[in-house]
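Take a look at the structure below.
Protein chains: 2
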Amino acid sequence: MPMVRNTKQRQAVLEVLRGARTHPDAAWIHGEVRRALPNISLGTVYRTLDALARDGVIMTIESAGQATRYDYKHDGHAHHHAVCRGCGAIFDIDAALIAPPPAPSLPVGFQVMDVRLEYHGICPACASQKH
Amino acid sequence: MPMVRNTKQRQAVLEVLRGARTHPDAAWIHGEVRRALPNISLGTVYRTLDALARDGVIMTIESAGQATRYDYKHDGHAHHHAVCRGCGAIFDIDAALIAPPPAPSLPVGFQVMDVRLEYHGICPACASQKH
DNA sequence: ATAGCTGCAAAACGTTTGCACTAGT
DNA sequence: ACTAGTGCAAACGTTTTGCAGCTAT
Numbered sequence: 261m262p263m264v265r266n267t268k269q270r271q272a273v274l275e276v277l278r279g280a281r282t283h284p285d286a287a288w289i290h291g292e293v294r295r296a297l298p299n300i301s302l303g304t305v306y307r308t309l310d311a312l313a314r315d316g317v318i319m320t321i322e323s324a325g326q327a328t329r330y331d332y333k334h335d336g337h338a339h340h341h342a343v344c345r346g347c348g349a350i351f352d353i354d355a356a357l358i359a360p361p362p363a364p365s366l367p368v369g370f371q372v373m374d375v376r377l378e379y380h381g382i383c384p385a386c387a388s389q390k391h
Numbered sequence: 261m262p263m264v265r266n267t268k269q270r271q272a273v274l275e276v277l278r279g280a281r282t283h284p285d286a287a288w289i290h291g292e293v294r295r296a297l298p299n300i301s302l303g304t305v306y307r308t309l310d311a312l313a314r315d316g317v318i319m320t321i322e323s324a325g326q327a328t329r330y331d332y333k334h335d336g337h338a339h340h341h342a343v344c345r346g347c348g349a350i351f352d353i354d355a356a357l358i359a360p361p362p363a364p365s366l367p368v369g370f371q372v373m374d375v376r377l378e379y380h381g382i383c384p385a386c387a388s389q390k391h
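From first to last, the protein sequence lines are chains V and Y. Basically the working numbering = 1-based index in the first sequence + 260. Basically the working numbering = 1-based index in the second sequence + 260.
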């Protein structure tokens, strides 16, 4: 198995993600990390985010037709998301308010790494500007 | 409000989607629809899928780094998905086996159009070829 | 008649990758 | 020293879009 190195790029990306109050995409993260490491490349940001997601440190949120958003898993405090179909805004929902999903009939041998519950719809802001 | 036309392109795309036993992407759908309408363009397929998704007739499944998959909502027979992180394969899960999600603390005024529950992980095939 | 819809092709977009080099272990 | 990680830039695959012509209403 591969050894994982603790580079400043990885630290910086994680730091930005941990401090983010939103659910940023790779480009935004790149811009923020640049303030600490001006020469970091977007490619490295993607590679780092990929690794962090595979390690389960962060999670990804894919919205149709929009850039993938990334979400730091704060101290195992699980939460789900409400995704606006109009503007792509993402709202956090405390998982504690939702009953834990029961074990369903998954394919035999399927190893679950992540359960995600998403409410898709229209946020108030987008609903009001509709005609 | 915009009028929706019942073109043969739209009919054909819907027909293919209804008969699909898998969760195809736009390119596959395009190939299939071509058998009925050889001149239909990929752009039209995308525009049609977009409209159908907005109407709630079909749903989209976004996997990280892979093409968006489309899923016809058969007669309101709701189901959820298990998505393989390795190969992108999607397995259906009967929603009847899962407790109905309780009303959570959504943003005030948020109109829910779709609730999706996804189990992300590794399918048996991908797990066996790992070392 | 009049918009909506289409085909085409080009472009935009997010993301990945090959390479030579750097740096963590 | 060894090799994972990096910066750069080019390439990739998916999706969108401008436009002129077509077609359902």
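Quick reminder that beta carbons are idealized off the backbone N, C-alpha and C, glycines included.
- Report the rounded CA-to-CA distance for Y/Asp354 versus V/Gly348, giving the unit in angstroms. 28 Å
- Message: Just to confirm the assignment, what range does the alpha helix (DSSP H) spanning V/Glu292 have?
- Response: Run containing V/Glu292: Ala286 to Val293, per the alpha helix (DSSP H) assignment.
- Endpoints, alpha helix (DSSP H) assigned at Y/Gln271: Lys268 to Gly279
- Message: Contact between the region 371–387 of chain Y and the region 269–282 of chain Y is defined here as three or more beta-carbon pairs at a separation below 8 Å; is this criterion met?
- Response: no
- Query: If we call anything under 7 Å between Cβ atoms a contact, is V/Asp374 one with V/Ala327?
  - Reply: no
- Item | Residues in the region 269–299 of chain Y having any Cβ partner in chain V nearer than 7 Å | none
- Query: In terms of residues, what are the limits of the alpha helix (DSSP H) holding Y/Gly303?
  - Reply: Leu302 to Asp315
- Query: If the cut is a Cβ gap below 7 Å, which residues of chain V does Y/Cys383 touch?
  - Reply: Pro367 and Phe370
- Alpha carbon to alpha carbon, what distance is there between Y/Ala287 and Y/Leu302? Roughly 7 Å separates the two Cα atoms.
- Query: What is the residue span of the beta strand (DSSP E) that V/Ala355 lies within?
  - Reply: First-last for V/Ala355: undefined, no H or E at that position.
- Message: With H, G and I counted as helix, E and B as strand and the rest as coil, what does DSSP make of V/His391?
- Response: Its pLDDT being 44, under 50, V/His391 is placed unreliably in this model, and the value from its coordinates should be taken loosely. Coil at V/His391, not helix or strand.
- Message: Please report whether the beta-carbon of Y/Leu377 lies at a distance below 7 Å from any beta-carbon of chain V.
- Response: yes
- Message: Just verifying my parser: in three-state terms, what is the DSSP assignment at V/His394?
- Response: In the structure displayed, chain V extends from 261 to 391; residue 394 of chain V sits before or after that span and is not available.
- Is Y/Ala385 helix, strand or coil when you go by DSSP? helix
- Message: Looking at the strands, I want to know which residues DSSP matches up with Y/Arg374.
- Response: Here residue 374 of chain Y is Asp; the residue named in the question, Arg, does not match the sequence. Note: Y/Asp374 sits in a beta bridge opposite V/His380.
- Is V/Tyr330 near V/Ile318, with beta carbons less than 7 Å apart? yes
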